[in-house]
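In this note's numbering, the protein residues as written are 11 to 179.
Don't be surprised by glycine CBs; every beta carbon is placed ideally from N, CA and C.
For reference, the structure is listed below as structure tokens.
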Ligand code: NI
């Protein structure tokens with residue numbers, strides 16, 4: 011956080027299945043795994059393109075979270091379904107060591123492409139919908155602290171959750 015690149019709108023990917031795109035996704039995957047993230051967006055590793063990856067199996071950062079299938083999502087378009095919002099804790103690999111309560115749409119439809127140009131088209135809710143909204147926000151220069159409505163619910167992970175073994179980012 012603080013890098014101007016994280017505040018930019020990222021560029022649309024024009025060509026799929028290229029060595030550059032596969033290399034970018036490999037780098038993102040390595041970073042996400044190394045940091046135990048639920049997802050990562052290309053601008054977080056210094057590449058201003060509309061590429062996100064996410065997926066949650068069993069994740070020590072989100073021990074109670076629902077599982078989310080591993081997904082590469084390029085040029086995503088989000089459509090919110092209904093106007094029901096839900097509060098939930100979020101962290102971010104670009105804002106290490108912190109958590110905050112962020113309101114997100116409960117249900118959403120997302121479309122985009124994988125790295126081979128195959129269409130991805132899903133209707134999701136809950137934690138899956140939250141992860142997609144968080145990652146896609148990165149493509150529009152939005153970091154989760156900008157969406158926190160009550161800054162009293164924003165703080166250091168080890169202070170907020172002293173008894174938890176959530177990784178310290
Ligand atoms: Ni993030």
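**Study point:** First through last residue of the beta strand (DSSP E) which encompasses residue 95
**Key:** As a working mapping, residue 95 is identified with position 85 in the chain shown. It spans 95 to 100 - the beta strand (DSSP E) in which residue 95 sits, taken as one unbroken run.
**Study point:** Test: residue 172 CB closer than 8 Å to a CB of chain D
**Key:** Absent from the structure: chain D. Only one protein chain is present.
Check your understanding: Which first and last residues belong to the alpha helix (DSSP H) in which residue 37 is found?
Key -> Stepping through the chain shown from its first residue, residue 37 is reached at position 27. Residues 29 to 44.
Review point. Can you give the Cα-Cα distance for residue 157 and residue 89, rounded to whole angstroms?
Key: On the chain shown, residue 157 is found 147 positions in, with the first residue counted as 1. On the chain shown, residue 89 is found 79 positions in, with the first residue counted as 1. Straight-line Cα distance between these residues: approximately 18 Å.
Review point. At which residue ranges does the region 96 to 151 contain complete alpha helix (DSSP H) runs of 4 or more residues, listed in the order of the chain?
Key: 136 to 148
Point to revise | Bridge partner(s) assigned by DSSP for residue 166 | key: As a position in the chain shown, residue 166 is number 156, starting the count at 1. Bridge partners of residue 166: 108.
Point to revise | Residues sharing a beta bridge with residue 88, DSSP | key: Along the chain shown, one-based indexing puts residue 88 at 78. Answer by DSSP bridge pairing, in chain order: 120.
Check your understanding: Taking DSSP as the reference, what is the three-state secondary structure of residue 153?
Key -> Here the question's residue 153 lines up with position 143 in the chain shown. It is coil, neither helix nor strand.
Exercise for review: Taking 8 Å as the cut-off, decide whether the C-beta atoms of residue 153 and residue 60 are in contact.
Suggested key: Walking along the chain shown from the start, residue 153 turns up at place 143. Walking along the chain shown from the start, residue 60 turns up at place 50. No. Outside cutoff.
Check your understanding: Is the beta carbon of residue 167 sitting closer than 8 Å to the one on residue 107?
Key -> For the purposes of this step, residue 167 is identified with residue 157 of the chain shown, where counting begins at 1. For the purposes of this step, residue 107 is identified with residue 97 of the chain shown, where counting begins at 1. Closer than 8 Å, so yes.
Check your understanding: Taking Cβ positions, are residue 82 and residue 54 nearer each other than 8 Å?
Key -> Mapped onto the chain shown, residue 82 falls at position 72. Mapped onto the chain shown, residue 54 falls at position 44. Against a cut-off of 8 Å, the Cβ pair of residue 54 and residue 82 comes out as no contact.
Check your understanding: How is the beta strand (DSSP E) around residue 65 delimited, first residue to last?
Key -> Here residue 65 refers to the residue found at position 55 of the chain shown. Residue 65 -> beta strand (DSSP E) spans 61 to 66.
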